[in-house]
Structures are given as structure tokens and as C-alpha cells.
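Undergrad:
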């Protein structure tokens with residue numbers, strides 16, 4: 300009979316193999332556990348980043364007039380909470396530029412100023428495997444910075460004679476010189492008593508006060524002002540001398556007080572008195588033969604604007620005073636001065652009349668009727684506008700008039716010229 304004997308060394312080897320397998324199994328479980336926890340962590344961190352992004356966007360959307368920092372915080376917290384994260388104190392931090400900080404945060408307090416909001420969200424991501432070893436969660440933190448577009452706003456303000464037309468014809472308040480010089484101290488806050496011009500200035504001031512609502516050093520928005528009357532008197536408003544009709548230098552304004560002061564100082568354009576006519580005032584701008592002039596009867600009563608040279612030459616394009624197109628052209632050109640491509644560009648036109656004048660052509664001379672009609676006016680009509688506001692003509696067409704010029708300049712301001720064949724609608728100007 301054969302007898303089998305077990306070698307003691309084999310037993311030891313089998314025991315060692317079991318130990319190795321056990322450790323390998325534990326290591327495999329640990330690897331799988333860590334992989335699951337790490338994968339879950341990255342998934343939750345991605346969700347946390349999306350919640351942070353949503354909070355930053357929600358806060359930036361509140362970065363406008365009338366919204367307090369508390370309201371911005373509330374919007375961000377709501378967005379984070381809707382994405383499933385705890386918004387307890389300390390978990391969500393919302394920051395904007397604090398100009399009083401020493402030093403200000405360079406990421407938020409930029410030059411030039413920008414409307415930046417930074418949101419940081421902290422959270423704890425639960426674990427499954429690591430919780431067996433006492434690590435129940437892993438901290439995670441994400442940050443997002445969002446920006447609300449800064450605004451570059453151009454106010455285009457009509458200062459032509461029609462800005463006195465709320466007064467009854469034949470009364471002194473219809474006279475630009477007279478109404479401009481009433482209440483010179485501005486007892487009601489606005490020097491002059493021309494109507495509806497004073498209401499226009501009030502509306503412009505209210506609008507500007509909502510745009511420029513920050514300290515000038517940290518104001519992210521800018522305002523420019525264009526004033527227009529006839530083709531020879533349309534200008535960029537210099538806040539230091541708002542009624543300088545010869546100014547050709549553009550100005551951006553970031554200080555609310557400066558902008559409001561410039562608007563309040565604007566006056567309805569005052570041409571000189573008509574040659575050979577005596578007005579009842581002293582210190583008037585003088586008399587003129589060429590272009591529009593203020594006319595008075597023998598008793599000194601204002602009878603409206605007139606044009607002596609136009610009457611003598613039977614050509615009245617030099618008489619017209621509402622150059623809407625010229626105002627819009629300068630508004631469009633403002634955006635090429637100290638350009639901020641990331642800003643929201645806005646043009647606001649304040650006028651009460653139809654376009655009936657344009658900028659001068661290069662060959663136009665007011666004192667030389669041989670160069671008339673003045674501006675881009677048809678030869679066959681005297682008032683630089685046809686009788687049909689629904690028509691639209693191209694430059695060079697014999698019927699191209701002040702209305703067409705204004706519409707073209709509205710397109711210049713409002714339409715990006717990527718497709719010359721496309722059309723662009725401009726409220727109040729047609730399409």
C-alpha cells in the first residue's frame with residue numbers, strides 16, 4: 300500500500316498565497332472604492348461649477364440701476380439653491396468692486412471700470428468608501444466671474460426752433476432768444492423757459508441719472524451728448540461749454556453731475572435777427588442775411604424764422620433747421636472714439652419734428668447761392684423734403700432728401716454693415 304505524505308513547505312506556500320490574494324482583494328476593493336469616490340467628487344464638482352456659473356450670471360443680471368448689492372446677493376443665492384446646493388452663510392460668497400478697500404481687488408476693480416461680479420461656492424461632497432475610514436466628505440470650492448455689459452450711450456438732442464412750438468404763435472415765448480433768457484438762474488432747476496425743450500431736458504436728465512449712477516472714478520458707463528439744429532449748427536457737446544456750436548471734438552462723460560449740468564445749459568439755437576429788422580431786445584446775436592434768421596414786425600413782435608437770401612433767390616434749403624441725420628451721423632462716429640467693443644452701444648434721439656435739413660456737402664457755401672441747394676437736398680423742391688414720408692431713395696438719386704439722409708444715418712448707427720443688401724428697422728425712422 301502506497302502512503303502519501305504532505306510536505307510541510309507546501310502548506311506554508313498555500314497559506315502565503317491566501318494571504319497575498321486577501322491583500323490583493325483588499326487593494327482591489329480600495330482601488331474601486333477610491334475610483335467611485337473620486338468619480339463622484341468630480342461629477343459633483345462639475346455640478347458645483349455650473350451652480351456657481353448660474354449664480355454669477357444671475358448676480359450680473361442685477362447689475363443695473365435700482366438694484367442693491369443685497370438684491371444681487373439674493374439673485375445669486377437663489378440660482379445656487381435651485382441647482383441643489385446649500386446656501387447657508389459662508390457657503391456662497393458674492394463680491395463686486397469695493398472702491399474703499401485698501402488696496403481694491405485688482406480682478407474686480409479694473410481700469411477702465413467694468414461691471415464684474417465674482418461668486419464663490421463652497422460645498423462638501425459626500426464619500427462612500429472613504430467614509431469607512433472616517434472621511435465622510437471632501438470639501439470642494441468653485442469660483443466664477445461674470446460681467447454685465449457696460450453702456451456707452453449717446454443722447455442726440457434737437458435744439459431747433461421747433462423746440463419752442465408749445466407756445467402760441469405770435470407770443471414772446473415762441474421766440475428762441477426770449478424763452479432762452481427767461482429764468483436764467485433756473486429757479487425750477489432748468490435755465491430758460493422754452494417749451495417743449497425744457498421737458499426734453501428734464502427727460503434727458505432723468506435718463507442720465509439712471510445711467511451714470513456710480514462714483515465717477517468707478518462708473519462703468521459713459522454718456523455723450525450731440526445737439527443739432529441746421530446743417531451748420533450740429534455739434535458734439537463740450538461739457539465745459541455746451542452751447543459752443545463750432546465744437547468738433549467728441550466727449551465721453553462718466554460723471555453724473557457733469558452730464559446733467561451740460562444738458563441743463565443747452566438752449567434752443569438762436570440765429571441772428573434778420574437783416575434790416577429791429578428786435579425788442581438788447582445783446583442779441585446780431586443780424587444776418589444768409590441762412591435762418593429771427594424775424595419781427597414793426598411793433599417788435601416775433602413772427603418766426605425767415606431767410607432773406609432764400610427769399611431773394613427762391614431757394615429755401617438754407618432756411619431749414621432740423622438736421623436729424625447730422626445728429627445721428629455724429630452719434631455713430633462717437634462709438635469710434637475711445638472705442639469699447641465690449642460695451643453695449645445705445646443711441647437715444649430726442650426730437651419733435653421731421654427731418655428737413657442735412658449736413659453740408661463739401662462744396663456748399665451759405666453765402667454763395669450758386670452752391671445751393673444746401674446739403675443733400677433735391678434741386679426740384681425748396682424745403683429739402685418731398686411730400687411722402689413712406690418713400691426711400693438712395694444717395695445720388697434726384698429725389699434724395701433730408702428724410703432719406705436721416706434714415707441712412709439711422710442705419711449707419713443701428714445696422715452692422717456685414718451685408719449691404721440687408722435692411723435694418725429703426726423705430727421712428729422706418730426701414
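Numbering (this note's numbering), first residue to last: 300 to 730.
Quick reminder that beta carbons are idealized off the backbone N, C-alpha and C, glycines included.
Identify whether residue 335 lies in helix, strand or coil by the three-state DSSP scheme.
TA: Residue mapping note: residue 335 aligns to position 36 of the chain shown, counting from 1. Note: residue 335 maps to helix in three-state DSSP.
Undergrad: To the nearest angstrom, report how far apart residue 461 and residue 383 are at their CA atoms.
TA: As a first step, residue 461 is located in the chain shown; it is residue number 162 there, counting from the start. As a first step, residue 383 is located in the chain shown; it is residue number 84 there, counting from the start. Looking at the two C-alpha atoms, the distance is approximately 60 Å.
Undergrad: Is it right to say residue 619 is buried, meaning 16 or more other beta carbons lie within 10 angstroms of its own, or is it exposed?
TA: Within the chain shown, the letter at position 320 stands for residue 619. That one is buried.
Undergrad: With a Cβ-Cβ cutoff of 9 Å, do residue 340 and residue 441 count as a contact?
TA: Indexing the chain shown from 1 puts residue 340 at position 41. Indexing the chain shown from 1 puts residue 441 at position 142. Result no, Cβ atoms of residue 340 and residue 441 do not sit closer than 9 Å.
Undergrad: Where does residue 381 fall in DSSP's three states?
TA: Numbered from its first residue, the chain shown carries residue 381 at position 82. Helix.
Undergrad: Between which two residues does the beta strand (DSSP E) containing residue 451 stretch?
TA: Counted from its first residue, the chain shown places residue 451 at position 152. Where residue 451 is concerned, the enclosing beta strand (DSSP E) stretches over 450-457.
Undergrad: Using the Cβ count rule (16 or more neighbours within 10 Å means buried), how would you classify residue 671?
TA: To locate residue 671, count along the chain shown from 1; it is residue 372. Buried, by the Cβ-count rule.
Undergrad: Bridge partners for residue 563 per DSSP, in chain order?
TA: The residue given as residue 563 occupies position 264 in the chain shown. DSSP output for residue 563 lists no bridge partner at all.
Undergrad: With the cut-off set at 9 Å, would you say residue 651 and residue 457 are in Cβ contact?
TA: Numbered from 1 along the chain shown, position 352 holds the residue referred to as residue 651. Numbered from 1 along the chain shown, position 158 holds the residue referred to as residue 457. Contact flag set, yes.
Undergrad: Between which two residues does the beta strand (DSSP E) carrying residue 535 extend?
TA: Counted from its first residue, the chain shown places residue 535 at position 236. Start and end: 533-535.
Undergrad: To the nearest angstrom, report how far apart residue 554 and residue 607 are at their CA atoms.
TA: Mapped onto the chain shown, residue 554 falls at position 255. Mapped onto the chain shown, residue 607 falls at position 308. Cα to Cα, residue 554 sits roughly 43 Å from residue 607.
Undergrad: Between which two residues does the beta strand (DSSP E) harbouring residue 425 extend?
TA: Walking along the chain shown from the start, residue 425 turns up at place 126. Taken as a continuous stretch (DSSP letters only), the beta strand (DSSP E) holding residue 425 covers 414-425.
Undergrad: Under three-state DSSP, which class holds residue 724?
TA: Taking the first residue of the chain shown as position 1, residue 724 is located at position 425. Confidence at residue 724 is low in this model, with a pLDDT of 46, below 50, so the placement of that residue is unreliable and no value is reported for it.
Undergrad: When the Cα atoms are used, what is the spatial distance from residue 422 to residue 409?
TA: Here residue 422 refers to the residue found at position 123 when the chain shown is read from its first residue. Here residue 409 refers to the residue found at position 110 when the chain shown is read from its first residue. Using only the alpha carbons, I get a separation of about 29 Å.
Undergrad: Which runs of the beta strand (DSSP E) at least 3 residues long sit entirely within the segment 638-697? Give them in chain order.
TA: Complete beta strand (DSSP E) runs here, min 3: 643-649.
Undergrad: Ignore the nearest five residues each way along the sequence and tell me which others in residue 482's own chain have a CB closer than 7 Å to its CB.
TA: Position 183 of the chain shown holds residue 482. Within the same chain, residue 482 has close Cβ partners 490, 491, 492.
Undergrad: Can you tell me where the beta strand (DSSP E) holding residue 438 begins and where it ends?
TA: Here residue 438 refers to the residue found at position 139 of the chain shown. 436-447 is the extent of the beta strand (DSSP E) around residue 438.
Undergrad: Within 10 angstroms of the Cβ of residue 661, are there 16 or more other Cβ atoms? Answer buried if so, exposed if not.
TA: What you label residue 661 is simply residue 362 of the chain shown in a count that begins at 1. Counting Cβ neighbours within 10 Å, residue 661 comes out exposed, since fewer than 16 surround it.
Undergrad: Measuring only the C-alpha atoms, how far is residue 627 from residue 711?
TA: Here the question's residue 627 lines up with position 328 in the chain shown. Here the question's residue 711 lines up with position 412 in the chain shown. The alpha-carbon atoms of residue 627 and residue 711 are separated by roughly 8 Å.
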